[in-house]
Each structure stands twice: as C-alpha cells, then as structure tokens.
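**Q** Numbering (our numbering), first residue to last: 221 to 587. A virtual CB, placed ideally from N, CA and C, is assigned to each residue, including glycine. Sharing a structure, written as structure tokens. Questions coming.
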Amino acid sequence: MVSFATPLQLGPLLLKNRVIMSSLTRDRNRVPGPLQVEYYTQRTGAGLILTEGTLIEPLGAEWSNAPGIYSDEQVAGWKKVVDSVHNHNGRIFLQLWHIGRVAHPLLQDGRPNVAPSAIAAKGGKFRQLEGTPGFVTPVAIEDPEHYVALYKRAAERAKEAGFDGVDLHNANGYLPHQFIDNTSNQRTDQWGGSAENRCRFTLRIIDEISKVFGNDRVGIKLSPSGGYNDMGMTEKDTIETFDYLIKELVARRIAYIQITRYWPERDPMKRGTAVDIFRWRNVINGEHTKFFANAEFNAEDGTKVLKEGLADAIVFGRLYIANPDLAQRLINKDELNSNFNPKTFYGGSAVGYTDYPTYEQQHSTII
Numbered sequence: 221m222v223s224f225a226t227p228l229q230l231g232p233l234l235l236k237n238r239v240i241m242s243s244l245t246r247d248r249n250r251v252p253g254p255l256q257v258e259y260y261t262q263r264t265g266a267g268l269i270l271t272e273g274t275l276i277e278p279l280g281a282e283w284s285n286a287p288g289i290y291s292d293e294q295v296a297g298w299k300k301v302v303d304s305v306h307n308h309n310g311r312i313f314l315q316l317w318h319i320g321r322v323a324h325p326l327l328q329d330g331r332p333n334v335a336p337s338a339i340a341a342k343g344g345k346f347r348q349l350e351g352t353p354g355f356v357t358p359v360a361i362e363d364p365e366h367y368v369a370l371y372k373r374a375a376e377r378a379k380e381a382g383f384d385g386v387d388l389h390n391a392n393g394y395l396p397h398q399f400i401d402n403t404s405n406q407r408t409d410q411w412g413g414s415a416e417n418r419c420r421f422t423l424r425i426i427d428e429i430s431k432v433f434g435n436d437r438v439g440i441k442l443s444p445s446g447g448y449n450d451m452g453m454t455e456k457d458t459i460e461t462f463d464y465l466i467k468e469l470v471a472r473r474i475a476y477i478q479i480t481r482y483w484p485e486r487d488p489m490k491r492g493t494a495v496d497i498f499r500w501r502n503v504i505n506g507e508h509t510k511f512f513a514n515a516e517f518n519a520e521d522g523t524k525v526l527k528e529g530l531a532d533a534i535v536f537g538r539l540y541i542a543n544p545d546l547a548q549r550l551i552n553k554d555e556l557n558s559n560f561n562p563k564t565f566y567g568g569s570a571v572g573y574t575d576y577p578t579y580e581q582q583h584s585t586i587i
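Below, the structure is given as structure tokens:
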C-alpha cells in the first residue's frame, strides 16, 4: 500500500518519500543568503522541495523582498541553498514566477504592468500598501515570445545554480494563468480565443524550459478552479481548457503536474468554480508524468488520497512553515505543530522562519 513513506520515481530522480514541500512566498531576501540556506536545509526531509516563487525578471513583483533568478548574484545565492540541500540528501526544484497584471503598482520601476490583454483584475489588496488600492490596468503584451525567452533564460540560470529541475507557476492568476483564462485573455491572435490558443503560452514555456533541463525535470502548478487574483471561467470553459492543457502536458512527459484544490479562502470575489481535481487522474496516470495534489491537505486527507491511488504525492504548504520536519512527522504519525503566527509568514527575520522546532526538539527533556 502506498503511503507517505513510499519512495517515488520522478523522471531520473528517486524521491525518498511522497511528501512535497509547496512553494511558499516568505518575502525575506531578494538574493538568497545564509537565512535561506538554513530555512531550506531544515526541510530536506521532504521528498522534494519546491522553492518559493522566484521572479524571472526585476519587474513583475508583488513583494519588495521576493527572490529572483535574473542576476548572477542571485544565482550564486541560490547555489549555496542548493548545495546545502544536496549535502543533506534533499531534492529541490526552483519555481519560475511572473505575476503579470497583479503586480504591486509601486514596484514596477515606472513601467506598466503587463498581461495578455489590457484588462485589470477586479479587487486588489497588497500587504505592503494600506487599504485596498486595487489592481491597475495592464498593458497588453505585444510579443509573448519575449516572455517565453525570459522563462527559458531563468531556467538556464536555475541549472547554473544546480537545481534538480524547475516548476512553472501556472496558477493563482499569475501571468501564464492569465493567458489561459478567457476572462483575462481576450486576444484575437494566435495567443487567444480557443482553448488551444490560450494554452499556447504555457506550452511554449514548457517546451523551452524542457530544452534546458529535459522534460522529465520540469513540473507545473495549475489551479483550475480559479478564484485567487480574479481568475475564473465558466465550468464548461474550465473543463474544456484544462482537459486540453493537461492532455498536452502529459503528452510531453513532464515530471509532474501539480493541481490545487478549490480554496474558498483565496476567492474573496467568489469568482472560482469548485472543480474536482481528481477528474484528471485517469489522464495523469503516473506512468511518466506524476500527479501531485495540493491545497489544504492534512495528514488524514493525504493518507487517504495516497492509499486510494488518487495522486502520486501530496504537496503541503502552511504546515511546512511550522513543521520543518513535516515529512518525518507524517511518516511516523507524530503530532503536528499547529502553533504558528500568520503575522510572521511574510517578511522579517528568522522569527517565524527558521525558529520552529522539530518534533524531537519539542519533546526533548533537558537534564
């Protein structure tokens, strides 16, 4: 019977377990430093670590201290992280990130936000700005191939840093997702209209970064249900679009497809459509491309999904903040630490970042 402890063959990589650390924005340092080395090294018990969203260019930021992979200094910083993870028998993929139209309006260096179409997302609240300033209207991208090239260059830099692979952030209303959704993409050229055209941007990126790492070291994150950052098509359009996209991704034999469940907390505008992510299990059957299930899983849910063969691995997010040894706790059925402070999730120092105890540290007896 498959469990958290069961190893998983992911392309050429053998993962020691099926507990995946989700990408978690922590907004601590544009250039990874000693604190990031410590943070990721603490979590090397995971079968695979997915880094926080990492920007592919200096613009396109939502956070003032989100890391990037667009400079030599950042490559050098990430290399120290990767080397330490590898020295502790861990595996780590870099998540490639561009957030397009939902970027922080004061972090654009005087340049406009970009998107597939000049359509502003509704709502908008930035943690670093008081009130609800709202999202700005973006400028329609003239040549999407320019951004495809940026993703490829970012993958090349990730390879220089020694990462085991890359994860394309194609969810949560960020740039590739904006191309997929027909409410944010109303282009009439080859990049818009039909499901095939709206998925072209994503598939072009996958094809180009696969040339860098090999298709079996490339993964992708999808959120079909939408909701976050004003994403959400009709149920019919959602199913049609993601049926096509997932079929094309599986045909490319990429390492994994990570799909997030509908998360009402992330849908303040009530834009999402709650789609059963396991409807795609028959397509992502694990023969070449693995199915990673994400969003608000606990130990019981994850155990059940693995036991029933609905997914090949479970991706955990916030639980990995307060439990640096989460994989070991899940495997050993140890109690999880739920004592975390959301105020320290984003920005700051080691507090709420690297100071959470392991199970052993929590229960050690001082003599």
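1. Less than 7 Å between C-beta atoms, sequence neighbours within five positions excluded: which residues of the same chain meet that for Ala281?
2. Using the rule of at least 16 other Cβ atoms within 10 Å of the residue's Cβ for burial, across every protein chain shown, is Lys510 buried or exposed?
3. By the three-class DSSP mapping on this structure, what secondary structure does Glu362 have?
4. Taking the straight line between their C-alpha atoms, what separation do you get for Asn561 and Gly572?
5. I'd like to know whether the C-beta of Gly280 is nearer than 8 Å to at least one C-beta of chain C.
6. What residue from Thr264, Ser223, Ala286 has the CA that sits closest to Gly253's CA?
7. Can you give the beta carbon distance from Ile312 to Ile534, rounded, assuming they're within the 8 Å contact cut?
8. DSSP puts Val438 in a beta bridge; with which residues?
9. Assuming Ser243 contacts Gln348 (C-beta within less than 8 Å), just tell me the rounded distance between them.
10. Going along the chain, which unbroken runs of the alpha helix (DSSP H) with 4 or more residues stay wholly within the segment 406-473?
11. Report the rounded CA-to-CA distance for Thr422 versus Asn390, giving the unit in angstroms.
12. Helix, strand or coil: which one does DSSP assign to Val295?
13. Within 10 angstroms of the Cβ of Met221, are there 16 or more other Cβ atoms? Answer buried if so, exposed if not.
14. If we call anything under 8 Å between Cβ atoms a contact, is Val301 one with Gln229?
15. Taking 7 Å as the cut-off, does the CB of Gly412 come closer than this to any heavy atom belonging to the ligand ZN?
16. For Lys510, which three-state DSSP category applies?
17. Which of the three DSSP states, helix, strand or coil, is assigned to Glu380?
18. Does Asn392 pass the burial test, meaning 16 or more other C-beta atoms within 10 Å, or should it be called exposed?
19. Run through DSSP, which three-state label would Gly273 get?
20. Where does Val614 sit, in a helix, a strand or coil, going by DSSP?
21. Is the Cβ-Cβ distance between Asp387 and Leu556 less than 8 Å?
22. With 16 as the cutoff for other CB atoms within 10 Å, does Lys563 come out buried or exposed?
23. Within 10 angstroms of its Cβ, does Arg250 collect 16 or more other Cβ (buried), or is it exposed?
24. For my contact list, Asp384 and Arg437 are in at a C-beta cut-off of 8 Å; report their separation, rounded to the angstrom.
25. Please work out which residues of its chain come closer than 6 Å, Cβ to Cβ, to Leu469, disregarding the five sequence neighbours upstream and downstream, and give them in chain order.
26. Report the rounded CA-to-CA distance for Ser569 versus Leu370, giving the unit in angstroms.
27. Less than 8 Å separating the beta-carbons of Asn309 and Gly267?
28. Tell me whether Lys553 is buried or exposed, calling it buried when 16 or more other Cβ atoms sit within 10 Å of its Cβ.
29. Considering only C-alpha positions, which residue in the set Pro278, Lys456, Leu234, Arg321 is nearest to Thr357?
30. With a cut-off of 8 Å on the beta carbons, I'd call Phe517 and Phe536 a contact; round off their distance for me.
31. Measure from the alpha carbon of Gly273 to the alpha carbon of each residue in Ile289, Asp329, Asn402, then state which is nearest.
32. How is the beta strand (DSSP E) around Phe313 delimited, first residue to last?
33. In this structure, how does DSSP classify Asn557 when only helix, strand and coil are distinguished?
34. In whole angstroms, give me the CA-to-CA distance for Arg486 and Met451.
35. Where does the unbroken alpha helix (DSSP H) through Thr523 begin, and where does it stop?
36. How about Pro336 and Gly412: are their beta carbons less than 8 Å apart?
**A** Inspection of the coordinates gives the following:
1. Around Ala281, the same chain offers Leu275, Ala323, His324, Leu327 as residues with beta carbons nearer than 7 Å, after the five sequence neighbours per side are excluded.
2. That one is buried.
3. DSSP places Glu362 in coil when its eight states are reduced to three.
4. It is roughly 7 Å from the alpha-carbon of Asn561 to the alpha-carbon of Gly572.
5. No chain C is part of this structure, which consists of one protein chain only.
6. Looking from the CA of Gly253, the closest CA among Thr264, Ser223, Ala286 belongs to Ala286.
7. Separation of the CB atoms of Ile312 and Ile534 is rounded to 18 Å, and the pair is thereby denied contact status at 8 Å.
8. In DSSP, Val438 forms a bridge with Val386.
9. Under the criterion of beta carbons closer than 8 Å, Ser243 and Gln348 do not qualify as touching, at roughly 20 Å.
10. Listed in chain order, they are 415-418, 420-433, 455-471.
11. Near 7 Å, if we compare the C-alpha coordinates of Asn390 and Thr422.
12. In this structure, DSSP gives Val295 a helical state, which the three-state scheme calls helix.
13. Answer is exposed; the Cβ neighbour count stays below 16.
14. Gln229 sits away from Val301, with the two beta carbons spaced by 8 Å or more.
15. Absent from the structure shown: the ligand ZN. Ligands present: none.
16. Strand, per DSSP.
17. Helix at Glu380.
18. When all chains shown are included, Asn392 counts as buried.
19. If DSSP states are grouped into helix, strand and coil, Gly273 belongs with the strands.
20. The chain is shown from 221 up to 587; residue 614 falls before or after that span and cannot be answered.
21. No, the Cβ-Cβ distance between Asp387 and Leu556 is not below 8 Å.
22. Flag for Lys563 reads exposed.
23. Label assigned to Arg250: buried.
24. With a beta-carbon spacing of about 7 Å, Asp384 and Arg437 fall inside the 8 Å limit used to define contacts.
25. Ile477, listed in sequence order.
26. Cα to Cα, the separation comes out at about 30 Å.
27. No. Outside cutoff.
28. By the 10 Å Cβ count, Lys553 comes out exposed.
29. With distances taken between Cα atoms, Thr357 lies closest to Arg321.
30. Confirmed, Cβ separation roughly 6 Å.
31. With respect to the C-alpha of Gly273, the residue from Ile289, Asp329, Asn402 having the closest C-alpha is Ile289.
32. Looking at the DSSP string, the run of the beta strand (DSSP E) that includes Phe313 is 312-317.
33. In the structure shown, Asn557 adopts coil according to DSSP, grouped into three states.
34. The alpha-carbon atoms of Arg486 and Met451 are separated by roughly 11 Å.
35. DSSP places Thr523 inside the alpha helix (DSSP H), whose first and last residues are 519-527.
36. Yes, they are a contact pair.
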